[in-house]
Amino acid sequence: MLQQTRVETVLPYYARWLKRFPTVAALADAPLDDVLKSWEGLGYYARARNLHRAARLVQERHGGSLPDDPEALRALPGFGEYTTGAVASIAYGRRLPAVDGNVRRVLSRLYDLPAPTAAELRETAAALVPADRPGDFNQALMELGATICTPRSPRCAECPVAEFCLALARGTVAERPGRKRVGALPLEIVGTAVVRDAAGRLLLVRRPATGLLGGLWEFPGAVVGPDEAPEAAARRAALAAGAVLAPDAAATAIGVVEHTFSHKRVAYRAFAFRGAGAAAADAAEPSGAGVAPGDPVQGGGRHPATGRTWADETALAELALPVAQRKLARLAAAARPRL
DNA sequence: AAGGCGGGGCG
DNA sequence: CGCCCAGCCTT
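All residue numbers for the first sequence refer to our numbering, where the first residue is 140 and numbers rise by one.
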């Protein structure tokens with residue numbers, strides 16, 4: 140959870156997580172849908188899928204307890220160089236470095252490194268880690284970055300290692316480490332369809348299992364093409380999801396949700412369609428050919444691995460939705476009385 | 001080595 | 001509005 144996410148953000152998720160999945164076995168036995176639902180709002184959902192897979196591997200390979208061997212840890216999904224070093228040093232007292240964003244900044248300044256590679260930082264950190272209490276040392280280095288050697292306005296006057304800091308001596312603290320991003324994020328416009336069946340249930344589709352927001356649910360949507368109207372893209376997405384709309388069915392614009400991802404910005408332009416017709420019942424089945432409703436899908440999820448569903452308010456609350464889609468759901472609920 | 005991959009908080 | 005957060009995985 141702490142990968143690329145602030146401690147303060149993680150805390151409430153972590154508490155709920157331990158209550159829901161108190162043991163490795165509980166996590167391994169849980170359906171992927173439950174895991175994703177518990178992760179909803181945290182982002183970087185591959186972390187949840189990796190953790191789930193890791194729990195199952197720990198059950199299978201290591202009898203349910205996390206291995207203390209760094210190589211065995213590194214082989215688990217989600218365990219990169221940092222996490223392996225952090226767990227091995229903090230939990231098992233192994234003398235391994237743990238270079239996170241904080242440590243990268245601290246070392247870049249301490250040694251005045253303009254553009255250190257990951258390997259360079261790892262070697263630098265490895266040479267510093269003591270055999271005695273390596274985990275405490277690693278945490279201290281991270282803590283130094285979090286509290287004193289901050290990205291902006293570092294408190295060098297209070298820094299315990301200021302006398303060793305090359306960047307401070309050379310006046311390059313503000314330039315370490317170098318920045319990366321150049322130019323603005325591309326903007327994407329997604330025509331989004333809010334479709335209700337006769338019972339007022341909402342049509343949702345599941346995203347592919349991997350990639351952006353993998354395995355999560357969303358309103359049918361399509362990227363607006365050149366010379367295409369957002370409403371047309373939304374209609375296209377609704378039809379692709381199996382909705383049956385009268386050809387001239389009127390759509391009502393019900394609002395826009397903008398969201399910034401790590402690599403692009405997306406504007407979801409939402410349209411409510413009337414006249415979702417008889418095929419509503421059909422569409423309750425998974426769209427993937429050959430996938431029967433009761434078939435166990437990856438992770439034993441209770442929802443189809445691919446496909447669509449009609450969700451009432453209760454079902455909607457139980458599905459794992461990205462933050463932007465939750466906002467769209469609120470727009471849909473607000474628009475309903477007028478339709 | 002570079003790019004894809006969320007979401008929130010802060011200056 | 002840009003930057004960054006106890007990074008990982010794929011190419």
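For glycine and all other residues, C-beta sits at the position ideal for the given N, C-alpha and C.
Remember, it's a predicted structure, so these values are computed and weren't measured experimentally.
Is the beta carbon of A372 closer than 8 Å to that of V395? Here residue 395 refers to the residue found at position 256 of the first sequence. Here residue 372 refers to the residue found at position 233 of the first sequence. No; because the gap between Cβ atoms is not below 8 Å, this pair is not in contact.
What are the boundary residues of the alpha helix (DSSP H) that includes Y153? Reading the first sequence from its first residue, position 14 is the one you call residue 153. Counting along the chain, the alpha helix (DSSP H) containing Y153 begins and ends at V146 to R159.
Coil, strand or helix - P425 by DSSP: In the first sequence, counting from the first residue as 1, residue 425 sits at position 286. With a pLDDT of only 42 at P425, under 50, the local geometry of the prediction cannot be trusted, and the value read off the model is given with reservation. In this structure, P425 counts as coil in the three-state DSSP scheme.
According to the Cβ coordinates, are A167 and R195 closer than 8 Å? As a position in the first sequence, residue 167 is number 28, starting the count at 1. As a position in the first sequence, residue 195 is number 56, starting the count at 1. Yes; because the gap between Cβ atoms is below 8 Å, this pair is in contact.
For the beta strand (DSSP E) holding A406, just list the boundary residues, first then last. The count along the first sequence starts at 1 and reaches residue 406 at position 267. Note, A406: beta strand (DSSP E), R404 to F412.
Measure how close the beta-carbons of L378 and W449 come, nearest whole angstrom, since I'm counting them as under 8 Å. Translated into positions along the first sequence, residue 378 becomes position 239. Translated into positions along the first sequence, residue 449 becomes position 310. With 8 Å as the limit, L378 and W449 do not qualify as a contact, their Cβ atoms being about 16 Å apart.
Would DSSP call I328 helix, strand or coil? As a position in the first sequence, residue 328 is number 189, starting the count at 1. I328: strand per DSSP, three-state reduction.
Taking DSSP as the reference, what is the three-state secondary structure of A229? To locate residue 229, count along the first sequence from 1; it is residue 90. The displayed chain sequence assigns Ile, not Ala, to residue 229. Reduced to three states, the DSSP call for I229 is helix.
Which residue wins for smallest C-alpha separation from E259, given the options K403, A301 and E220? By 1-based counting over the first sequence, the position of residue 259 is 120. E259 has its Cα closest to that of E220, out of K403, A301 and E220.
Within the stretch 234-275, ranges of the alpha helix (DSSP H) (whole runs, at least 4 residues): Given a length threshold of 4 residues, each whole run of the alpha helix (DSSP H) inside the stretch 234-275 is given here in chain order: 240-249 and 257-267.
Would you report the Cα separation of N241 and M281, rounded to the nearest angstrom? For this step, residue 241 is matched to residue 102 along the first sequence. For this step, residue 281 is matched to residue 142 along the first sequence. Rounded to the nearest angstrom, the two C-alpha atoms are 5 Å apart.
Within 8 Å, strictly: CB atoms of P209 and T223: By one-based count along the first sequence, residue 209 stands at place 70. By one-based count along the first sequence, residue 223 stands at place 84. Contact: yes.
Going by CA-CA distance only, name the one from C288, T399 and R374 that's closest to A389. As a first step, residue 389 must be located in the first sequence, where it is residue number 250. For the residues C288, T399 and R374, the minimum Cα distance to A389 belongs to R374.
CB of P461 within 8 Å of CB of L384, strictly: One-based indexing of the first sequence puts residue 461 at position 322. One-based indexing of the first sequence puts residue 384 at position 245. The answer is no: Cβ separation not under 8 Å.
DSSP three-state label for G353, please. The residue you call residue 353 lines up with position 214 of the first sequence. It is coil, neither helix nor strand.
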